[in-house]
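Visitor: As you go down the protein sequences, you meet chains A and B in turn. Each residue of the first sequence is one higher than the one before, counting from 197 in our numbering. Each residue of the second sequence is one higher than the one before, counting from 6 in our numbering. All C-beta atoms, glycine included, are put in the ideal place defined by N, C-alpha and C. All figures in this text were calculated on a predicted structure; none of them were measured in a lab.
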Amino acid sequence: MKIEEALFRYALRMGDNSLVLGHRNSEWCGHGPVLEEDIAQANIALDLIGQARSYLTYAGEVEGKVRPSAPLRTEDDLAYLRGEREYLNVQLVELPKGDYARTIVRSFLFDAFHLPLQQALTTSSDERLKGIAEKAVKEVAYHLRHSSEWLVRFGDGTEESHRRAQEALDDLWRYTGELFAADEAEEVLAKAGVTPKLTDLHKEWSATVDRVLREATLKRPADGWMASGGKQGVHTEHLGPMLAEMQTLQRSYPGVEW
Amino acid sequence: MPSAAEIEQLLEAVKDPEIPVISIRELGVLREVSVNNGEVEVTITPTYSGCPAMDFMRVEVEKTLKQAGIAHFSVKQVLSPAWTTDWISDSGRKKLLDFGIAPPPHSADIRALKGRSPVVACPLCGSTNTELLSQFGSTACKALYRCKACKEPFDLFKCH
């Protein structure tokens, strides 16, 4: 795989992860368990969708260089005119939001990965990835702080909140392997020194997870079978319906300008 | 043709739509104005990746330039170097406070850097007996606080 093609897929992946998780978080808007959390989730979703816009814009520009004869795709084209098999996000972010404990556990598992990733990207040799990361890293630091604090509150809270947090953790653990399993694009870019090695990020992720779970009195599940496929466009049954809702306007009125 | 400094002065009229007392220059969103061969280039940077006010501010900049009779201009948006609350000017901080929003702690404040709660004075009564209610307030750039002295809730512009 050539480096430009890898960069296109990488920017798309980063955009898709943020867009899909942002959309899932935004489903709490108007339905949050308390007003402050309703607002917090909407704010976090806004950060993520803002990041997705930067990544998808970049992906479209890189694609224009890789395939000069194809029509140039904008951030909106990439968000609204791709089917689920063309989405390259990890499966963790597309799962339904569940109850609030599940939402928090999912966010925590992703945020603990997202922060060291963005930190590493602030020194990327690619100017655009570096610029996006400089912006995103400050936002993601707040996301991780938020999800960590709530995880501790649930884990070290009531019997009921502890049970729900542990169940969500046990269920979602199998989706964490994919975060660190590099596909070809990620391997090519890591080798070229453009992006960090995913295996290097695992150590920091693991330390954060251990530290917060200990405080939350939750038990770290054992590593077992890990789901994968999202990075290749093979998704759970949940992404399709989510996209159908997210893309409903373009599907009903193709080409409409909003 | 007005100079870069004069255009900057002109753009003082462009305010943050969410905090209409503070201009984009005081906020640090306006990064640079340059004039080259009669072509004006205005550089702006978003406070947050998903700041919904960004497009609005860009349109306001364009409108202001057009109204001043400037025909050749472009508005460039950059992400790097990333905006920081340290770029909010002293006059901007004062206006935030008068507007009822506690200005951000300086990033050199070790408590803010380490993620611990900084000492925040209530913008209404001045008491530092305040507590954090939520890291996320009415907009992406603010956190929600409560003053335990005067019992009023208020926004803090987050350190960023």
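Can you check whether the C-beta of TYR150/B is within less than 9 Å of a C-beta belonging to chain A?
Guide: Position 145 of the second sequence, counted from the first residue, corresponds to residue 150/B. With 9 Å as the cut-off, TYR150/B does not count as an interface residue toward chain A.
Visitor: What distance in whole Å lies between the Cβ atoms of GLU380/A and MET210/A, which are believed to be in contact at a cut-off of 8 Å?
Guide: Counting from one through the first sequence, the residue named residue 210/A turns up at place 14. Counting from one through the first sequence, the residue named residue 380/A turns up at place 184. Not a contact, Cβ separation roughly 16 Å.
Visitor: Looking at the C-beta of SER250/A, does it have a partner C-beta in chain B at a distance below 9 Å?
Guide: Along the first sequence, one-based indexing puts residue 250/A at 54. Cβ-Cβ to chain B under 9 Å: yes for SER250/A.
Visitor: Following the continuous alpha helix (DSSP H) through ASP379/A, name the residue where it begins and the one where it ends.
Guide: The residue labelled residue 379/A in the question sits at position 183 within the first sequence. Note, ASP379/A: premise wrong, no alpha helix (DSSP H); not H, not E.
Visitor: Along the segment 315-345 of chain A, where does the CB come closer than 7 Å to a CB of chain B? Name the residues.
Guide: Against chain B - using a Cβ distance shorter than 7 Å - the residues of the segment 315-345 of chain A are LYS326, GLY327, ILE328, GLU330, LYS331, ALA332, LYS334, GLU335, TYR338, ARG341, HIS342.
Visitor: Report the residue from THR135/B, CYS164/B, SER96/B whose alpha carbon sits nearest the alpha carbon of LYS156/B.
Guide: Here the question's residue 156/B lines up with position 151 in the second sequence. Cα-wise, what sits closest to LYS156/B is THR135/B.
Visitor: With the cut-off set at 9 Å, would you say ALA316/A and LEU397/A are in Cβ contact?
Guide: For the purposes of this step, residue 316/A is taken as the residue at position 120 of the first sequence. For the purposes of this step, residue 397/A is taken as the residue at position 201 of the first sequence. Yes, the Cβ-Cβ distance between ALA316/A and LEU397/A is below 9 Å.
Visitor: Out of ALA107/B, PRO110/B, SER8/B, VAL80/B, state which residue places its alpha-carbon closest to the alpha-carbon of VAL40/B.
Guide: Here residue 40/B refers to the residue found at position 35 when the second sequence is read from its first residue. When only C-alpha atoms are compared, the closest one is SER8/B.
Visitor: When DSSP labels each residue in this structure, what does ARG360/A get in the three-state scheme?
Guide: For the purposes of this step, residue 360/A is taken as the residue at position 164 of the first sequence. Three-state DSSP puts ARG360/A in a helix.
Visitor: Label ASN285/A either buried or exposed according to how many other C-beta atoms from any shown protein chain fall within 10 Å of its C-beta, with 16 as the threshold for buried.
Guide: On the first sequence, residue 285/A is found 89 positions in, with the first residue counted as 1. Its Cβ being crowded by 16 or more others within 10 Å, ASN285/A is buried.
Visitor: For TYR53/B, which residues of its own chain have a beta-carbon under 7 Å away from its beta-carbon, when the five flanking residues on both sides are left out?
Guide: The residue given as residue 53/B occupies position 48 in the second sequence. Excluding sequence neighbours, TYR53/B sits near ALA145, CYS146.
Visitor: Using the Cα positions of THR413/A and GLY294/A, report the straight-line distance between them to the nearest angstrom.
Guide: Within the first sequence, residue 413/A is the residue found at index 217, counting from 1. Within the first sequence, residue 294/A is the residue found at index 98, counting from 1. Distance between the alpha carbons of THR413/A and GLY294/A: 21 Å.
Visitor: When the Cα atoms are used, what is the spatial distance from GLY105/B to HIS111/B?
Guide: Within the second sequence, residue 105/B is the residue found at index 100, counting from 1. Within the second sequence, residue 111/B is the residue found at index 106, counting from 1. Using only the alpha carbons, I get a separation of about 18 Å.
Visitor: With DSSP run on the structure shown, which of helix, strand or coil describes SER139/B?
Guide: To locate residue 139/B, count along the second sequence from 1; it is residue 134. In this structure, SER139/B counts as strand in the three-state DSSP scheme.
Visitor: Candidates THR318/A, GLY256/A, GLY389/A, ALA248/A: which alpha carbon is nearest VAL216/A's?
Guide: On the first sequence, residue 216/A is found 20 positions in, with the first residue counted as 1. When each option's Cα is compared against that of VAL216/A, the closest is ALA248/A.
Visitor: Distance check for VAL390/A and LYS153/B, CA to CA, integer angstroms please.
Guide: Position 148 of the second sequence, counting from 1, holds the residue named residue 153/B. Position 194 of the first sequence, counting from 1, holds the residue named residue 390/A. Between LYS153/B and VAL390/A, the C-alpha separation is close to 49 Å.
Visitor: For GLU13/B, which residues from the same chain have a beta carbon less than 6 Å from its beta carbon, with the 5 sequence-adjacent residues on both sides left out?
Guide: The residue given as residue 13/B occupies position 8 in the second sequence. Here the set comprises VAL38.
Visitor: Apart from the five residues just before and just after PRO158/B, which ones in its own chain have a Cβ nearer than 6 Å to its Cβ?
Guide: Your numbering for residue 158/B matches position 153 in the second sequence. Excluding positions up to five away in sequence, the list reads ARG151.
Visitor: Answer yes or no: does any C-beta atom of chain D fall closer than 9 Å to that of TRP88/B?
Guide: Note that chain D does not occur in the displayed structure, where the protein chains are A and B.
Visitor: Counting C-beta neighbours from all protein chains within 10 Å, is the total for MET438/A 16 or more, i.e. buried, or is it exposed?
Guide: Counting from one through the first sequence, the residue named residue 438/A turns up at place 242. Counting Cβ neighbours within 10 Å, MET438/A comes out buried, since at least 16 surround it.
Visitor: CA-CA distance, SER357/A and CYS130/B?
Guide: As a working mapping, residue 357/A is identified with position 161 in the first sequence. As a working mapping, residue 130/B is identified with position 125 in the second sequence. Roughly 38 Å between the two C-alpha positions.
Visitor: Can you grab the Cα-Cα spacing for the pair ALA10/B / ILE24/B, in whole Å?
Guide: Along the second sequence, read from residue 1 onward, the residue named residue 10/B stands at position 5. Along the second sequence, read from residue 1 onward, the residue named residue 24/B stands at position 19. Those two C-alpha atoms are separated by around 24 Å.
Visitor: Compute the beta-carbon to beta-carbon distance between ALA361/A and VAL301/A, rounded to the nearest angstrom, for a pair I have assumed lies under 8 Å.
Guide: Numbered from 1 along the first sequence, position 165 holds the residue referred to as residue 361/A. Numbered from 1 along the first sequence, position 105 holds the residue referred to as residue 301/A. Contact holds; Cβ gap of about 6 Å.
Visitor: Suppose the cutoff is 7 Å on Cβ atoms and the five residues either side in sequence are ignored; what does the same chain contact list for SER424/A look like?
Guide: Taking the first sequence and counting its residues from 1, one reaches residue 424/A at position 228. The answer, listed in chain order, is GLY373, GLU374, ALA377.
Visitor: For ASN285/A, which of helix, strand or coil comes out of DSSP?
Guide: Residue numbering aside, residue 285/A sits at position 89 when the first sequence is read from its first letter. It is coil, neither helix nor strand.
Visitor: Anything in chain A within Cβ reach of CYS127/B, meaning under 9 Å, just list it in chain order.
Guide: Here the question's residue 127/B lines up with position 122 in the second sequence. Result: empty, since nearest Cβ-Cβ is about 18 Å, beyond 9 Å.
Visitor: Can you list the residues of chain A that GLY55/B reaches, using a CB-CB cut of under 9 Å?
Guide: Translated into positions along the second sequence, residue 55/B becomes position 50. Result: GLY218, ASN239, ALA241, LEU242, ASP243, LEU244, ILE245, GLY246, GLN247, ALA248, ARG249, GLU335.
Visitor: Under DSSP, the alpha helix (DSSP H) around SER15/B begins and ends at which residues?
Guide: By one-based count along the second sequence, residue 15/B stands at place 10. Sequence inspection shows Leu at residue 15/B; the Ser mentioned does not correspond to that position. LEU15/B -> alpha helix (DSSP H) spans 9-15.
Visitor: Taking just the CA atoms, how far does PRO229/A sit from ARG341/A?
Guide: Looking up residue 341/A in the first sequence gives position 145. Looking up residue 229/A in the first sequence gives position 33. One C-alpha to the other measures close to 19 Å.
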